[in-house]
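Take a look at the structure below.
In the working numbering, the protein residues as written are 2 to 410.
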């Protein structure tokens, strides 16, 4: 049985309407009113497709189809449903929708699995509101502790627990998912790059996910009047931060092997047009396919930041928010995806993921597999992000067949 591309497209379109920036991409931050509208839609569809719905103490959503085997581990399909600011309608959301489609196909075929099927919609993968990223999966697996979570706050100082309560979620619910309750985790995602489209290939079977380190750098100087403070008497935090950021591309180039370094978030204080900045806080995202390259680049970034400490009244500090090693995905599931693609005559290739995904966290605890579908013009994290519903249906059919083989004895 093949997936229903019209149903998939409709889910994507309707979920895309839950945005804080209509007409300017999808902005759906964790625990916002847009989050609430999206989760209500997801839960309604889970119930419609015969799933039992629950939420954990992070607000991750689970829809479960019980199997015939008592206390058996679940085959899980899903992704995240938060977005970056002014992002697209497909990143993460497509994977949740494909989970719903798999459940719909089980319902239409009136198939009861032996191992339970679960559809999982996770929070705060992007880190757009609370920083760090992968919060739903890291928290669920205990990588982020309960104590850590109680102190997590957004840029406005709103605690995650208070933001949860504001939309009716209960942070006191059970948070930890025991690994023995998971048989496998399968995630479909848009590629977010140009390779599949350029090659004219409809499916990418992901071999491995790059590792990443995320830092927050604070540069402190001294505020002063923009007109009356001579240039040789300044401790300008923004000038120092700009010098650091401008040097990162060279570090990435010298490290080589596909290493990338990005600064995507920068806050300037007091942020006045006629005031010398006295503090700048910015993000540093380092990624590579092997941990040795990440560590090499990280060492050089730390050394560079430290070299500005004490120069012309500048003070610097580095806080490491997250570190995840590169992850190879389960070879048996990769083989299963390839076999099914060949049986269905759907062209595929193997590839690595340059982006981080919840699967990289869950792969430490259960067998994980990922499938990519093409992204138009390789674009993602922008309003122009788009993937063909036919390609999404191909991916959904492959995941459905994989779930059947994993969940049926």
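Every residue gets a Cβ at the ideal spot worked out from N, C-alpha and C, and that includes glycine.
Item: Put residue 42 into one of helix, strand or coil per three-state DSSP.; Value: helix
Item: Does DSSP classify residue 1 as helix, strand or coil?; Value: Nothing can be reported for residue 1, as the shown portion of the chain is limited to 2 through 410.
Item: Since residue 286 contacts residue 263 with CB under 8 Å, what's their CB separation in whole angstroms?; Value: 4 Å
Item: Using 10 angstroms around the beta-carbon of residue 179, count the other beta-carbons present and answer buried if the total reaches 16, otherwise exposed.; Value: exposed
Item: CB-CB under 8 Å to residue 309, same chain, minus the five flanking residues each way: which ones, in chain order?; Value: 220, 241, 244, 245, 315 and 317
Item: Which same chain residues end up closer than 8 Å to residue 124 when comparing Cβ atoms and leaving out the 5 residues on each side of it in sequence?; Value: 31, 32, 36, 59, 60, 61, 81, 82, 83, 136 and 137
Item: How far does the beta strand (DSSP E) with residue 67 in it reach, from first residue to last?; Value: Where residue 67 is concerned, there is no enclosing beta strand (DSSP E), given that its DSSP letter is neither H nor E.
Item: Just to confirm, are residue 87 and residue 151 a CB contact at a threshold of 8 Å?; Value: no
Item: Is residue 118 helix, strand or coil by DSSP?; Value: strand
Item: Given a cut-off of 8 Å on the beta-carbon distance, is the pair residue 330 and residue 357 in contact?; Value: no
Item: If residue 313 and residue 236 are in contact, beta carbons under 8 Å, what's the gap, nearest whole angstrom?; Value: 6 Å
Item: My understanding is that residue 205 touches residue 349, with C-beta atoms under 8 Å, so please give their C-beta distance in whole angstroms.; Value: 7 Å
Item: Among 304, 211 and 276, which one has its Cα closest to the Cα of residue 258?; Value: 211
Item: Return the CA-CA distance between residue 168 and residue 161, expressed in angstroms with no decimal places.; Value: 11 Å
Item: Taking Cβ positions, are residue 141 and residue 174 nearer each other than 8 Å?; Value: no
Item: Are the CB atoms of residue 401 and residue 101 within a distance shorter than 8 Å?; Value: no
Item: Residue 421 to residue 70, Cα distance in whole Å?; Value: No answer is possible for residue 421: the residues shown for the chain start at 2 and end at 410.
Item: Between 122, 72 and 269, which lies nearest to residue 16 when the distance is taken from Cα to Cα?; Value: 122
Item: Per DSSP, residue 277 is paired with what?; Value: 225
Item: CB-CB under 8 Å to residue 384, same chain, minus the five flanking residues each way: which ones, in chain order?; Value: 25, 26, 27, 87, 88 and 89
Item: Any idea what DSSP makes of residue 176, helix, strand or coil?; Value: coil
Item: Name the two residues that bound the continuous beta strand (DSSP E) containing residue 80.; Value: 75-81
Item: Compare the Cα-Cα distances from residue 386 to each of 299, 269, 103 and 194 and report the closest residue.; Value: 194
Item: Taking the alpha-carbon of residue 143 as reference, which of 57, 372 and 270 has the nearest alpha-carbon?; Value: 57
Item: Can you give me the C-alpha to C-alpha distance between residue 397 and residue 127, rounded to a whole angstrom?; Value: 23 Å
Item: Rounded to whole angstroms, what is the Cα-Cα separation between residue 346 and residue 95?; Value: 22 Å
Item: Hey, could you find the ends of the beta strand (DSSP E) residue 267 is sitting in?; Value: 267-270
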